[in-house]
Amino acid sequence: MRAAFFAILCGGLPLQFFSLGKAHGQEAVADAITVSADRLPTAESAGPFALRSLEAEELRRAPQVRLDDILRAQVPGFSLFRRSSSRVANPTTQGVTLRNFGPSGAGRTLVLLDGIPLNDPFAGYVQWNQLPPATLENVIVTPGGGASLFGNAALAGTIFVTSKREEENSAFVQGLIGNADTNGVTFGATLADKPASFSVWGERFFTGGYPVLQKNQRGSVDNNASSDSDLLQLGSEFLLDENTSLKLQARGFREERGNGTIYTRNETSGTDASVVFTKRFPQVAAELRLTGYAQSRKYSSTFSSVNGARDLEIPALNQYDVPATASGGSIIWAMPLGSRHSLTLGFDARGVEGETNEAFRFVGNEFTRLRNAGGEELFLGLFAEETWKLSPAATIVGGIRIDRWQLSDGSRTETDRASGRVTLRSRFSDRDGFEVNGRLGSTAELTRSVSIRAAAYTGFRVPTLNELYRPFRVGNAVTEANADLQPEQLLGGEAGVDWRPAKAVRLAGTVFLNRLEDAIGNITIGFGPGTFDPGGFIPVGGVLRQRQNIDLVTAPGLELSGEWQVLPTVFLNASY
0 MRAAFFAILC
10 GGLPLQFFSL
20 GKAHGQEAVA
30 DAITVSADRL
40 PTAESAGPFA
50 LRSLEAEELR
60 RAPQVRLDDI
70 LRAQVPGFSL
80 FRRSSSRVAN
90 PTTQGVTLRN
100 FGPSGAGRTL
110 VLLDGIPLND
120 PFAGYVQWNQ
130 LPPATLENVI
140 VTPGGGASLF
150 GNAALAGTIF
160 VTSKREEENS
170 AFVQGLIGNA
180 DTNGVTFGAT
190 LADKPASFSV
200 WGERFFTGGY
210 PVLQKNQRGS
220 VDNNASSDSD
230 LLQLGSEFLL
240 DENTSLKLQA
250 RGFREERGNG
260 TIYTRNETSG
270 TDASVVFTKR
280 FPQVAAELRL
290 TGYAQSRKYS
300 STFSSVNGAR
310 DLEIPALNQY
320 DVPATASGGS
330 IIWAMPLGSR
340 HSLTLGFDAR
350 GVEGETNEAF
360 RFVGNEFTRL
370 RNAGGEELFL
380 GLFAEETWKL
390 SPAATIVGGI
400 RIDRWQLSDG
410 SRTETDRASG
420 RVTLRSRFSD
430 RDGFEVNGRL
440 GSTAELTRSV
450 SIRAAAYTGF
460 RVPTLNELYR
470 PFRVGNAVTE
480 ANADLQPEQL
490 LGGEAGVDWR
500 PAKAVRLAGT
510 VFLNRLEDAI
520 GNITIGFGPG
530 TFDPGGFIPV
540 GGVLRQRQNI
550 DLVTAPGLEL
560 SGEWQVLPTV
570 FLNASY
């Protein structure tokens, strides 16, 4: 049904825009297409799809400190699971989605830094302190339609982040000081001595934060939500010959947070390493890119239950060790086919392994139970996409992707802390499946200042290890995991217009409709007091929820944005 509707929706697009493009230039010949094997949107491939690009200068002049705050202010529909800034919010609430498409802790948007996924291997959220704006060259946001090139996790779109790349020797230091005891320093240096270059970026950031409750709601157990973080990134690039390069990158980060009460805190740390080999073939104007990466993450967090007067805090959960790893890579080939066509072919793979180790069931003055839960995921994908320039004024982009996913070694074990007796042991069946997705879009210039576009696409997202296997508790609200969750399925379409009435003015509007089947959400299944399966005992005033698939979520919407450069140093931006 989804495939049939997709075909019907897309069927008229090429014919519609072919006639427009031809009228705009009867005998015109399209410019030659330049290809790149990095899957970054180009002017041609991104044409049919809504896109917002923020360059280094825009990031520099933004008043916000963190990248997620900049995107929230400038990209319509960008949202995290919670409205709080990543400066003070628990990392597990920093999953990102676009077009307000059912925000969740896991997120439904893929975030990449220099082509490497940044989404947490275990839970899918994004650690935004890895992306200091001063170290970035640009950020490209493409809502919707990402799955045909990137597969799992790109269901609601993709955010491409590119590090600064200096051609000459350079260095900078940028300081920050503000209220709420906020201070930080960002630095970078590049030694560009061809055929090799070396770079280092780093950031130190601290904020005393602010209370998460209004003054008349706070009690003696409440304090500020604070953050203390460090980041260091090293990179090198070698030009092996005029058509061959090798890029190496390593990154490490750490963050400690206070979550608003005396007991609740969390810590995260991680290391990444990647290698990118690029080879151009000028005889056929083609490019080959090989990428490999490895990631390691650690997370710990404490949760509590607070009484109504907020003068008594009781520990509820101690996630003392949540390790996760991911590794993967890709092979991408891009080449033009004549002067009007370009083709991108690729294969990618990603393997994930993670678990949670936690203490729960606080009785007397100590935790009495221990829990271990986790598993493994594997993703393999083949994709192809063609860009066809019908004329200088009209372009069609079409892509298809086939994915295989596999869940294995899923388990959950709970033991009595004092005796070591196993109170629960679950081994979940291995599962696997195939997904076929694609996208098709067209764009045409009606005049030199007005262009129109339309696109349709499908996508999917396999539940994270966190959603499948890890329950959690916040106060008296318990949320159970669900190892039987099915992948989410997306069918969407959009149409838009871009208008530049003057060189300094840009206006854009997009209407869209998304249908998400089997959306994963937290569903209430019981109220305390009482004993439930799953969930166990829920106290008076407590609530039991479970992650479940929701049959259908329909999300129609409208995006409007505009930019006016009033003076060389004065810009006005508005979005809705």
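Numbering (numbering that gives the first Met the number 0), first residue to last: 0 to 575.
Every residue, glycine too, gets a C-beta built ideally from N, C-alpha and C.
- Taken atom to atom, the span from the alpha-carbon of residue 217 to that of residue 303 is near 15 angstroms.
- Bounds of the alpha helix (DSSP H) holding residue 466 are 464-468.
- DSSP places residue 399 in the strand class (E or B) of the three-state scheme.
- Remark: C-beta atoms of residue 171 and residue 156 do not approach each other more closely than 8 angstroms.
- Residue pairing from DSSP leaves residue 502 without any beta-bridge partner.
- In this structure, the CA atom of residue 455 is about 27 angstroms from the CA atom of residue 431.
- Within the segment 154-217, no complete alpha helix (DSSP H) segment of 4 residues or longer occurs.
- For residue 73, there is no enclosing beta strand (DSSP E); the enclosing alpha helix (DSSP H) has its first and last residue at 66-73.
- In the DSSP assignment, residue 323 falls within the beta strand (DSSP E) that extends over 312-336.
- The Cβ-Cβ distance between residue 486 and residue 460 falls below 8 angstroms.
- Here residue 547 carries a strand assignment [DSSP, helix/strand/coil].
- Out of 134, 532 and 149, the CA that lies nearest to the CA of residue 141 is found in 149.
- Taken atom to atom, the span from the alpha-carbon of residue 393 to that of residue 452 is near 10 angstroms.
- Leaving aside the five residues that flank residue 264 on each side, the residues in its chain whose CB is nearer than 8 angstroms to its CB run, in chain order, 255, 256, 257, 258, 300 and 301.
- Boundaries of the beta strand (DSSP E) harbouring residue 54: 51-54, taken from the DSSP string.
- No Cβ-Cβ contact shorter than 8 angstroms links residue 118 with residue 112.
- Distance from the CA atom of residue 530 to the CA atom of residue 551, rounded to whole angstroms, is 30 angstroms.
- Counting along the chain, residue 248 sits inside the beta strand (DSSP E) bounded by residues 243-260.
- The alpha carbon of residue 80 has as its nearest neighbour, out of 92, 307, 71 and 548, the alpha carbon of 92.
- The straight-line gap separating the alpha-carbon atoms of residue 58 and residue 380 is approximately 33 angstroms.
- Note: residue 419 is not bridge-paired with any residue in the DSSP secondary-structure output.
- Between the alpha carbons of residue 290 and residue 279 lies a distance of about 15 angstroms.
- Assignment of residue 130 by DSSP, reduced to helix, strand and coil, places it in the coil class.
- Exclusion of the five residues before and after residue 71 leaves 77 as the residues of its chain whose Cβ lies within less than 6 angstroms of its Cβ.
- Ranking 566, 295, 287 and 361 by CA distance to the CA of residue 270 puts 295 first.
- For residue 151, there is no enclosing beta strand (DSSP E), as DSSP marks it with neither H nor E.
- Residue 567 carries a coil assignment under DSSP once its states are collapsed to helix, strand and coil.
- In the DSSP assignment, residue 480 falls outside any beta strand (DSSP E) and carries neither an H nor an E.
- A residue is called buried once 16 or more other Cβ atoms fall within 10 Å of its Cβ, and residue 87 is buried on that count.
- Between residue 387 and residue 339, the CB-CB gap stays under 8 angstroms.
- Within the same chain, and ignoring the five residues on either side of residue 509 in sequence, the residues whose Cβ sits closer than 6 angstroms to its Cβ are 49, 493, 495 and 558.
- Secondary-structure assignment with DSSP links residue 451 through a beta bridge to 443 and 496.
- Its chain contains 73 and 562 as the residues whose beta carbon lies nearer than 7 angstroms to that of residue 572, once the 5 sequence neighbours on both sides are disregarded; these appear in chain order.
- Going by DSSP, residue 234 is part of the beta strand (DSSP E) stretching over 221-240.
- With a threshold of 16 other beta carbon atoms within 10 Å, residue 236 meets it and is buried.
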